[in-house]
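Notes follow the structure.
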Amino acid sequence: ELILELAVRGLLVPQDPNDEPASELLKKIAAEKARLVKAGKIKKEKPLGTIGEAERPYKIPAGWSWVRLGEAGNTQTGGTPKKADSHHYGSAIPFIKPGEIVDGEIISHENDGLSFEGAESLGRVVQADSVLMVCIGTIGKCARVDRPVAFNQQINSVSPYLPIGHYTKIALRSNYFQRLAWALSSSTTIPILNKGKWETIPIPLAPLAEQHRIVAKVDELMVLCDQLEQQADASLGAHQTLVETLLSALTSAADHAQFASAWQRIAGHFDTLFTTEESIDQLKQTILQLAVMGKLVPQDPNDEPARELLKKIAAEKAKLVKEGKIKKEKPLQPICEKEKPFALPTGWGWARFQSITSKITDGDHNTPPRTVSGMRMLSAKNVRDGFLDFDNCDCISEDDYVKSRERCLPEEGDLLIVSVGGTIGRSSLVPQDSDFSLVRSVALIKPIVFVSKFLKFLADSPLLQSFIHSHKRGGAQPCLYLSEIAKFPIPVAPLAEQHRIVAKVDELLALCEQLKSRINDAQTTQLHLADALVERAIC
């Protein structure tokens, strides 16, 4: 952006007093335009008017001139031949659409083109050196063409009267021209900049010799920008791979000595490893994985072991069944060795999800009609990452609400997991404010004698997320069946250790958020500094 802006302000290359001034170039442009009108190749149009001082946004060097875009070249809006006539389409003339204009270039001519007959019926084929610009929707994307092309109605073209297309493209891509194009567009759902307004935008015209120097310098600098971008991408990729490798050494450590060694490697380079949002997100995932593997806090041999906790849960479930509060479930198969992805510490145990819950269900399968106001009904969109979004929920009548709550009764501490759709696996705990119903896209899990937050960390960990995504079914609208959730094998920590793990995870995730906030603050400062320098450079 800075390169293009410096180019059109005459600040990129030095001026040469021996250059023929732009005023002479304008005379040649006018003469060529008159010749084309006389030859009947273009129509004579009304003058676009003199450019007043108020329309000149900045001072240009001596020898330069301001000219309206429509005075520098012939302008057109594209069109599309009738689709019903197959003879209009072929491979004779490329037919350009907005999606094929990327980063100032046309990415492919290998598209559905036009036949000569189609191009003739359209009557809007431009020759090489013309510049196309999208003027409906993604306003501002532009490219110079190196061969005759046709284009659709979302695109306007300017065909310079003299061969100055390279420089014209630079002028149209500059920040000044782009901002003005957007400002002149209609403020509707789909922005539109009509040709009449587009062609009146003034562009700064450099002497022809200086244009050639500007084009050469811009090309040279853009190549360097591309190389820098590639290096940055490669560097980020290598950085992320390094972070993932070092963090995976923590989770795969076989004993305390290996773990300590892996952590030492990370701790020695912490400041250089965790410098991006992606690396911090990876660190958060590692914290959760270490938590559910029993590697985050030390074990206490005095803790009551998990097997005793599981006995208490089973006894409480039996009591609830006897009281008629829950239904008796079919027993699931014991967890075999191949289902256990890693070894657990002494005092821990494996159990299926069903074993630690009184109920695994989902929301209403026959969604009641929505109402303007009434009782809240939450769906997948309301289950955010760790919280519930009550500002954007649907409403149902009180009668429907009562019926819906008969299927699942959300209570504080229950776990909600998105079980249908693109955000499958996202989870949140039910807060104290549990006065809502659910639709089928959300599963509800009620733990018994279990720390709810530890269950939430389990759900968010790579272990459970891997289970969820490997067992979902369907394509565009994936679904996670409740029967699959019930069978998931989960690591169960002693109750006392669950509390210690939750406290430690909360502490570490808060530190991660602080790190991320510092990175964002630093990036914002860098952007403000860059903007200030750019503004200073072009003033």
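Just so you know, we're using my numbering here: the sequence shown kicks off at 2 and counts up by one.
Idealized CB from N, CA, C, for every residue including glycine.
Fair warning: this is a prediction, and the values are worked out from it, not measured in the lab.
Legend entry - Cβ contact (3+ pairs, closer than 8 Å) linking the region 481 to 501 and the region 245 to 259: By the C-beta criterion, the region 481 to 501 is judged not to be in contact with the region 245 to 259, since fewer than 3 inter-stretch pairs fall below 8 Å.
Legend entry - Segment contact, 8 Å Cβ cut-off, at least three pairs: the region 343 to 351 with the region 387 to 396: Using a C-beta cut-off of 8 Å, the region 343 to 351 makes no contact with the region 387 to 396, since fewer than three inter-stretch Cβ pairs fall below that distance.
Inset, instruction - Indicate whether E279 and L251 have their beta-carbon atoms separated by less than 9 Å. - result: Not a contact, by the Cβ cut-off of 9 Å.
Legend entry - Cβ-Cβ separation, C136 to L194 (assumed contact under 8 Å), whole Å: Right, their Cβ atoms sit about 4 Å apart.
Legend entry - Local Cβ density within 10 Å of R519, reported as buried at 16 or more and exposed below that: By the neighbour-count criterion, in which a residue is buried when 16 or more other Cβ atoms sit within 10 angstroms of its Cβ, R519 is exposed.
Legend entry - DSSP-derived helix/strand/coil call for L410: The answer is coil: DSSP assigns L410 none of H, G, I, E or B.
Legend entry - Residue closest to W199, alpha-carbon to alpha-carbon, out of F178, A217 and T277: Check the Cα spacing between W199 and each of F178, A217 and T277: the tightest is with F178.
Inset, instruction - Given a cut-off of 9 Å, decide if F468 and F489 are closer than it, judged by their beta-carbon atoms. - result: With respect to F468, F489 sits close: the two C-beta atoms are nearer than 9 Å.
Legend entry - Beta-carbon proximity of I156 to I204, cut-off 9 Å: I204 sits away from I156, with the two beta carbons spaced by 9 Å or more.
Legend entry - Contiguous alpha helix (DSSP H) assignments of at least 4 residues, all confined to the region 415 to 480: As far as the region 415 to 480 is concerned, its whole alpha helix (DSSP H) runs of at least 4 residues are 453 to 461 and 463 to 472.
Inset, instruction - Leaving aside the five residues before and after Y162 along the sequence, list all residues of the same chain whose C-beta is less than 6 Å from its C-beta, in chain order. - result: Only residues of its own chain outside the window of five on either side were considered, and among them I30, E33, K34 and G74 have a CB closer than 6 Å to the CB of Y162, listed in chain order.
Legend entry - Three-state secondary structure (DSSP) of T246: Correct three-state label for T246: helix.
Legend entry - Top-ranked residue by Cα proximity to A85, from I108, Q128 and G119: Of the candidates I108, Q128 and G119, G119 places its Cα closest to the Cα of A85.
Legend entry - Backbone secondary structure at E106 - three-state DSSP: In the structure shown, E106 adopts extended strand secondary structure according to DSSP, grouped into three states.
Legend entry - Residues of its chain near L181, where Cβ-Cβ distance is below 6 Å and the 5 sequence neighbours each way are ignored: Excluding its 5 nearest sequence neighbours in each direction, L181 has C-beta neighbours in its own chain below 6 Å: I202, listed in chain order.
Legend entry - Outcome for A460 when other beta-carbon atoms lying within 10 angstroms are tallied against a minimum of 16: Classification of A460: buried, given that the 10 Å Cβ count is 16 or more.
Inset, instruction - Could you have a look at G350 and say whether DSSP puts it in helix, strand or coil? - result: Three-state DSSP puts G350 in a strand.
Legend entry - Residues of its chain near E413, where Cβ-Cβ distance is below 7 Å and the 5 sequence neighbours each way are ignored: Within the same chain, E413 has close Cβ partners V431, P432, Q433 and S435.
Inset, instruction - Determine the direct distance from the alpha carbon of Y90 to that of Q212, and round the result to whole angstroms. - result: Cα-Cα distance, rounded: 38 Å.
Inset, instruction - Report the partner residues of D395 according to the DSSP bridge assignment. - result: Per DSSP, M378.
Inset, instruction - Please report how far the alpha carbon of I288 lies from the alpha carbon of E536, in whole angstroms. - result: Approximately 43 Å between the Cα atoms of the pair.
Legend entry - Cβ neighbour criterion (16 or more within 10 Å) applied to G423: Exposed.
Inset, instruction - Would you tell me roughly how many angstroms separate the C-alpha atoms of G11 and L5, rounded to the nearest one? - result: In a straight line, the C-alpha of G11 is about 10 Å away from that of L5.
Legend entry - Extent of the continuous beta strand (DSSP E) run through L133: Start and end: V132 to V135.
Legend entry - K42: first and last residue of the uninterrupted alpha helix (DSSP H) it sits in: Following the DSSP letters along the chain, one finds K42 in no alpha helix (DSSP H), marked with neither H nor E.
Inset, instruction - Would you check if the region 305 to 323 and the region 397 to 413 touch, i.e. whether three or more CB-CB distances between them fall below 8 Å? - result: Between the region 397 to 413 and the region 305 to 323 there are fewer than three C-beta pairs closer than 8 Å, too few to call the two in contact.
Inset, instruction - Kindly indicate which residue of E324, Q231, T358 and W67 has the alpha-carbon position closest to the one of G50. - result: Sorting E324, Q231, T358 and W67 by C-alpha distance to the C-alpha of G50 places W67 at the top.
Legend entry - Cut-off 7 Å between Cβ atoms - residues of its own chain near I449, not counting five sequence neighbours on either side: Within the same chain, and ignoring the five residues on either side of I449 in sequence, the residues whose Cβ sits closer than 7 Å to its Cβ are I314, E317, K318, I357, T358 and S359.
Legend entry - Whole-angstrom C-beta distance between L209 and E21, which should lie under 8 Å: About 7 Å separates the Cβ atoms of E21 and L209, confirming a contact at the 8 Å cut-off.
Legend entry - Pair within 9 Å by beta-carbon distance, E196 and N153: Residue identity check: residue 196 is Lys in the sequence provided, not Glu. The Cβ-Cβ distance between K196 and N153 does not fall below 9 Å.
Legend entry - Cβ contact (3+ pairs, closer than 8 Å) linking the region 502 to 522 and the region 281 to 297: Yes, the region 502 to 522 touches the region 281 to 297.
Inset, instruction - Pull up the CB-CB distance for H167 and V216, whole angstroms please, since I reckon it's below 8 Å. - result: Here H167 really is in contact with V216; their C-beta atoms are around 4 Å apart, less than 8 Å.
Legend entry - Cβ neighbour criterion (16 or more within 10 Å) applied to C143: If you draw a 10 Å sphere on the C-beta of C143, you find 16 or more other C-beta atoms in it, and that means buried.
Legend entry - Per DSSP, cross-strand counterpart(s) of F96: DSSP lists A151 as partners of F96.
Legend entry - Short Cβ contact (9 Å threshold) for L173 with A151: No, the Cβ-Cβ distance between L173 and A151 is not below 9 Å.
Legend entry - D220 versus S186, I171 and L229, residue with shortest Cα-Cα distance: Measuring from the Cα of D220, the nearest candidate turns out to be I171.
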